[in-house]
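Trainee: Chains as they are written, first to last, in this note's numbering: chain A, 1 to 585; chain W, 586 to 864; chain U, 865 to 1036.
Using N, Cα and C, we set each Cβ at its ideal position, and we do this for glycine too.
For clarity, every value in this text was computed on a predicted model and none was experimentally measured.
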Amino acid sequence: MNDSTSLSSTNSKGAPHSLSIALLGSGGSGVMTAGGQLLDAAGQAGWYGMMTRSSGPQIRGGEAAALLRLSPQPVETHKGRFDILLAIDWLNADRFVGEIILDEKSIVIGDNGGTVPEAISNMGGRYVELPLSELAKSISGGRPNMVALGALAQLIGLPINALEVVLTKSLKKKGQEAIDASISGIRAGADQASEIPDIPDLKVTPSPGRERWSITGNEAAGLGAIRGGVRFVAAYPITPGTEILEWLAPNLKKVGGVLVQAEDELASINQLIGGSFGGTPSLTATSGPGLALMTESIGLAVASETPVVVVDVMRGGPSTGIPTKSEQSDLNIALYGLHGDAPHIVVAPMSIGDCLFTTQWATHLAETLQTASIVLSDQSLGQTRALIDKPADISFVSGGRSITSKAESFQRYAVNDSGVSPMSIPGMPGCQYTADGLEHSPTGTPSSRAEDHIQQLNKRKRKLDLFDYGDHWAKVSGDGETAVLTWGSSTGPVSEAISMLEAEGKHVRLISMRLLLPIQPERLVAALNGVEKILVVEQCHGAQFYHYLRAHYDLPGQMRSMAVPGPLMIRPDDVYSEVKAWENA
Amino acid sequence: METANPCPSLKPKDYKSGTKPVWCPGCGDYSVLLAITKAMAEMNLSPENVALVSGIGCSSRLPAYLNVYGFHAVHGRALPVATGLKVSRPDLTVLAAGGDGDGFSIGGNHFMHACRRNVDMTYIVMDNQVYGMTKGQASPTTDPDWDNSKLTPGGTKINPYYPLVVALASGANFIARASSTDPNGAAKVLVDAMRHPGFSFVHMLSPCVTFRPEQKDWKKMVRQAPVEPTTDPAVAAKRLMTDDNFFLGTLYKGDRPAYQPELKATVDNISDLDKGFIL
Amino acid sequence: MNETSILSKADLLARTLTMLSETVERYDLFADQMDVVNNPEAATIFRWLSDKQNSRTEVVKKLSEGLELPHISPWDYDWDDAINTEVPGHSSAHYMMTPYHTLSLAIDVEQSAAKLFSEIERNAQSPETGKLARSFAREAKEFHEYLIYKRSEHPVPEVGWDEDHDPPQLLE
């Protein structure tokens, strides 16, 4: 790869060499489809990459953007700056200005005769016109999005045959005619693009070889659930969590499980409790408003020690907020939203691929510890599609739900050293008990005695505190006296910012916490040994993560909070600049 | 009449846990507890294969008094818990129980959708037209002029809710009324309800001696409905709309198939699911 | 014709056993209820009643030895709701009930039982069944009289015996 001339490798800072492409259009122009096909074809050709959908509030006909980043290395965040912006039309395109940053090196492509909105042309970049609709019209069944796809492939050096493979697969149901029309469109677009003069070398060298997956965080969470043993799901649709359910419904069926669409979130969480009481690992997916509705019964799961898993795909809040955009602002409700003293598990995936592991782990923990697990994913992880290496197929050798059928002296809430009491399931003779949200004695009989309350409170806390969470609690890398402490989807940009700093010879530690509850003070203090400055990065206006750290951890040195609300994603450059600014302060 | 088991091996008392109820002496719920145990004995059910789920309220304390698997859930959510259990464990006999406040007020939406979903379970609502555990407030089934609660001076002035009508309109597959004043008759209705496929709703009159002492007269007011159960919703609608709340017996038996997804794997290995992601 | 007249001996024994054992269970339940509401006097009497009734149950069990008793479903008792009157109804308990009330409750039970067995005796087709019913009726009458005597040891409750100076409790 010719790095010195490659526009794709503008950052000499150590971030992955990559190309960022924005594909814009409105109502029915097919930019999302074309973007997805471009991503899959890039994967076919041996690239890594990711694609985020961005759209207006309309269900149909709104403006839409497919934002792609392609690279020979795995990428987990967008850069903000785009190498290519291709618009099939410019209707309402200016609403994406905050998300799509262009500079004089960017190439802006539009249809012949279009008018680039000022907000976009002001950012700079070289404007090129292509006869997208004209070429589409010249082909029977041709469409401008396919012409655009061909042009982009040509510009970035993506082999046309990779696109042909993807199109043949995705259009199989529509028949050969549709496939031929699309391929003709792609070829026409590619030919036309090859005639654009003075195009810098945008090509990224693919790194083929390993099995590559195309997956969204929501799909990964669904797969993690099934791998974790989940066979019962009850849920109410909510953006941006719905795709977890859409993936799970048919796939649960294949493995002998079932998804029930419930009447509301109150019903979904309680159906899980019923399913799990019957011995079936159970999970639901929702977003902030749904989690708020579920909290009373998550308390019931904790008190009755019934394992359940709730995946919260966070969006901008409070209230209906910004449902289609990401924010890490449900941390407080996940940590503290339950009434009473209710120890439970809160975990957060730190990348799209990690949604698989973290959801599987959350299920494992809920089952092993007989409690509720909340998984804090978010819109940016959930709805972004990424090309990743085949994820490891992890199975937890020990743990899981310990079911007993020993009837002699069975006490469902027996107080013991581990805090994990024997659990029976309906059908086992002699082990009948009543699971109760009322405080209870070891046998499960309701009790308001101080002695029973303290015993059960201690037991429910002890079982979480004593468990060995191993290395999964966090991702810790790098060294140096400055650390960036973050969680969830902010890990991607933080990680890339640190790579940029390392390329300058700086040493910065990255700590991303996967396990947020129960707290891990000893582990975090060890990971921060020798650190003098801690930058806390989160996508949240209220600095909830920063306050959580302040409340529960005795941290060394100075702390600074970088708390940025959605809907715009934190970019690697932002974190990079923040670290530099503090250094120079 | 459904045929009874020729020789039950367990007695009604074998279905009791031995925990002493917190109910007031004289409460109708004792009779309901007895009727449930009699029905289970008649059906010769193994206690370990039965689960009873309840919400919050006086009557929702029921599971702790039985020797079957029980779940005492949060207020208003017995039906979702029971739904999740039955759908994932169709081998079990599942009952849900609670009071009029739990089932028709805070849990009203679930009642409607449980009728509609028609999962094979039996829902017993012990109706005493009052909230007993919070000291006697009006419930959805309280008459509009009942003015003994501080919360609704002068009465609620709101028409009561007609649970049987709502159950029929929402799609319940079995609708009956029983009374705690006749536990043997109630046992029969419960056996019918448990045997009938789909969602069975049993409206159980159960007087509150503490907050509604006048309900002691219900014993004189209840009577067997002079009709056979109908399978015709139109006939049932007329019957239930003209009902005076004191007719006992099975009033409607539908023939809708119960909701029960098949839980049978079609792939040998879950790694099969990976295929959808491989490029 | 009254249906009670078609009773066979086994049938009569089966019904009597069910009735007696349900009464035992009911007295036990009432005793437990009185424990829960802190009414030890009534609890003690209910336990005593339960013991008495239980020994009668044992006698009837002995009489039934060697006989195959039919199973009768609860709703098949066609003694004009007898089962509901011979066994004290759940609603007959009160948390402040006095020993006088407690014994009165049992007196009513025995009176109904005596009446029922006499009726069966009158209509019995087989002499054997009639004889058995007569002995059950006699037992009930004797116990009835004894209970009246026992009750006379306790004062008749004054008006306002059920007045509670505290409001009911809040629970959940």
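Does Asp945(U) get closer than 9 Å to chain W when you measure Cβ to Cβ?
Mentor: Reliability fails at Asp945(U), whose pLDDT of 46 lies under 50, so the model's placement of it is uncertain and no value is given.
Trainee: Check each residue of the segment 418-437 of chain A: if its Cβ is closer than 9 Å to any Cβ of chain W, include it; give the result in chain order.
Mentor: Cβ contacts with chain W: Ser424, Ile425, Pro426, Gly427, Met428, Pro429, Gly430, Cys431, Gln432, Tyr433, Thr434, Ala435, Asp436 and Gly437.
Trainee: I'd like to confirm the pairing. Which residues does DSSP put opposite Ser639(W) in its beta bridges?
Mentor: His657(W) and Ala682(W)
Trainee: Output needed in chain order: residues of the segment 917-947 of chain U with a Cβ under 7 Å from some Cβ in chain W.
Mentor: Listed in sequence order: His935, Ser937, Pro938, Trp939, Tyr941 and Ile947.
Trainee: Given a threshold of 16 other Cβ atoms within 10 Å of its Cβ, counted over all protein chains shown, does Val812(W) qualify as buried or as exposed?
Mentor: exposed
Trainee: Per DSSP, which one or two residues make a beta bridge with Thr707(W)?
Mentor: Leu680(W) and Ser785(W)
Trainee: Are at least three pairs of beta-carbons, each pair with one atom in the segment 345-359 of chain A and one in the segment 222-240 of chain A, less than 8 Å apart?
Mentor: Yes, the segment 345-359 of chain A touches the segment 222-240 of chain A.
Trainee: What did DSSP end up calling Thr216(A) once you bin it into helix, strand or coil?
Mentor: strand
Trainee: DSSP state of Lys506(A), grouped into three classes?
Mentor: coil
Trainee: Apart from the five residues on each side of it in sequence, which residues of its chain come closer than 6 Å, Cβ to Cβ, to Tyr716(W)?
Mentor: Gly686, Gln722 and Ser724
Trainee: Less than 9 Å between CB atoms is the rule here; does Glu627(W) satisfy it with respect to chain U?
Mentor: yes
Trainee: Express the C-alpha separation of Val415(A) and Ser602(W) in angstroms, rounding to a whole number.
Mentor: 21 Å
Trainee: Hey, quick one: how far does the beta strand (DSSP E) through Gly382(A) stretch, first residue to last?
Mentor: Looking at the DSSP string, Gly382(A) is not in any beta strand (DSSP E); the run it does join, the alpha helix (DSSP H), is Gln379 to Gly382.
Trainee: Is it true that the CB of His344(A) sits closer than 9 Å to the CB of Ala292(A)?
Mentor: Against a cut-off of 9 Å, the Cβ pair of His344(A) and Ala292(A) comes out as no contact.
Trainee: Could you pull out every residue in the same chain whose Cβ sits closer than 8 Å to the Cβ of Lys390(A), ignoring the five residues on either side in sequence?
Mentor: Arg210, Glu211, Arg212 and Trp213
Trainee: Quick one: which residues of the segment 610-627 of chain W get their C-beta closer than 8 Å to a C-beta of chain A? List them in chain order.
Mentor: none
Trainee: Let's see if you can read the secondary structure: which residues bound the alpha helix (DSSP H) around Ile909(U)?
Mentor: Pro904 to Ser928
Trainee: Going by beta carbon distance, what residues of the same chain come within less than 8 Å of Arg841(W), once the five residues before and after it are set aside?
Mentor: Asn703, Gly756, Asn758 and Gly783
Trainee: Would you check if there are 3 or more beta carbon pairs closer than 8 Å linking the segment 535-542 of chain A to the segment 560-573 of chain A?
Mentor: Result yes; three or more Cβ-Cβ pairs closer than 8 Å.
Trainee: Since I believe Ala188(A) is in contact with Gly141(A) (beta carbons under 8 Å), could you give me their beta-carbon distance rounded to a whole number of angstroms?
Mentor: With a Cβ gap of about 13 Å, Gly141(A) and Ala188(A) do not count as contacting.
Trainee: Out of His472(A), Pro556(A), Glu219(A) and Phe232(A), which has the shortest C-alpha to C-alpha gap to Pro307(A)?
Mentor: Phe232(A)
Trainee: Mark Met50(A) as exposed unless 16 or more other C-beta atoms lie within 10 angstroms of its C-beta, in which case mark it buried.
Mentor: With a threshold of 16 other beta carbon atoms within 10 Å, Met50(A) meets it and is buried.
Trainee: Quick check on the DSSP output: the alpha helix (DSSP H) that includes Met779(W) runs from which residue to which?
Mentor: Pro768 to Arg780
Trainee: Taking the alpha-carbon of Gly317(A) as reference, which of Cys540(A), Gly278(A) and Thr295(A) has the nearest alpha-carbon?
Mentor: Cys540(A)
Trainee: Kindly provide the ranges of any beta strand (DSSP E) runs that are 3 or more residues long and lie completely inside the segment 432-475 of chain A, ordered along the chain.
Mentor: 434-436
Trainee: Rounded to a whole number of angstroms, what is the C-alpha to C-alpha distance between Arg986(U) and Arg780(W)?
Mentor: 40 Å
Trainee: Hey, quick one: how far does the beta strand (DSSP E) through Leu283(A) stretch, first residue to last?
Mentor: Taken as a continuous stretch (DSSP letters only), the beta strand (DSSP E) holding Leu283(A) covers Ser282 to Thr286.
Trainee: Does any CB atom of chain U fall closer than 9 Å to the CB of Met806(W)?
Mentor: Answer no: the Cβ-Cβ gap between Met806(W) and chain U never drops below 9 Å.
Trainee: Going by beta-carbon coordinates alone, are Val313(A) and Ser377(A) separated by less than 9 Å?
Mentor: The answer is yes: Cβ separation under 9 Å.
Trainee: Does the segment 695-710 of chain W come close enough to the segment 464-477 of chain A that 3 or more CB-CB pairs lie under 8 Å?
Mentor: no
Trainee: Please report the straight-line C-alpha distance between Cys643(W) and Tyr650(W), rounded to a whole angstrom.
Mentor: 12 Å
Trainee: Runs of 4 residues minimum, wholly inside the segment 340-377 of chain A: which ones carry the alpha helix (DSSP H) assignment?
Mentor: 354-369
Trainee: What number of angstroms, rounded off, separates the C-alpha of Asp944(U) from the C-alpha of Glu974(U)?
Mentor: Here the model assigns Asp944(U) a pLDDT of 48, short of 50, so the residue's position is not dependable and the matter cannot be decided.
Trainee: What are the residues of the segment 25-48 of chain A that lie near chain W, defined by any Cβ-Cβ distance shorter than 7 Å?
Mentor: Cβ contacts with chain W come from Asp40, Gly43 and Gln44.
Trainee: Indicate whether at least one CB of chain U lies closer than 9 Å to the CB of Ser755(W).
Mentor: no
Trainee: With 9 Å as the threshold, decide whether the Cβ of Lys849(W) is near any Cβ in chain A.
Mentor: yes
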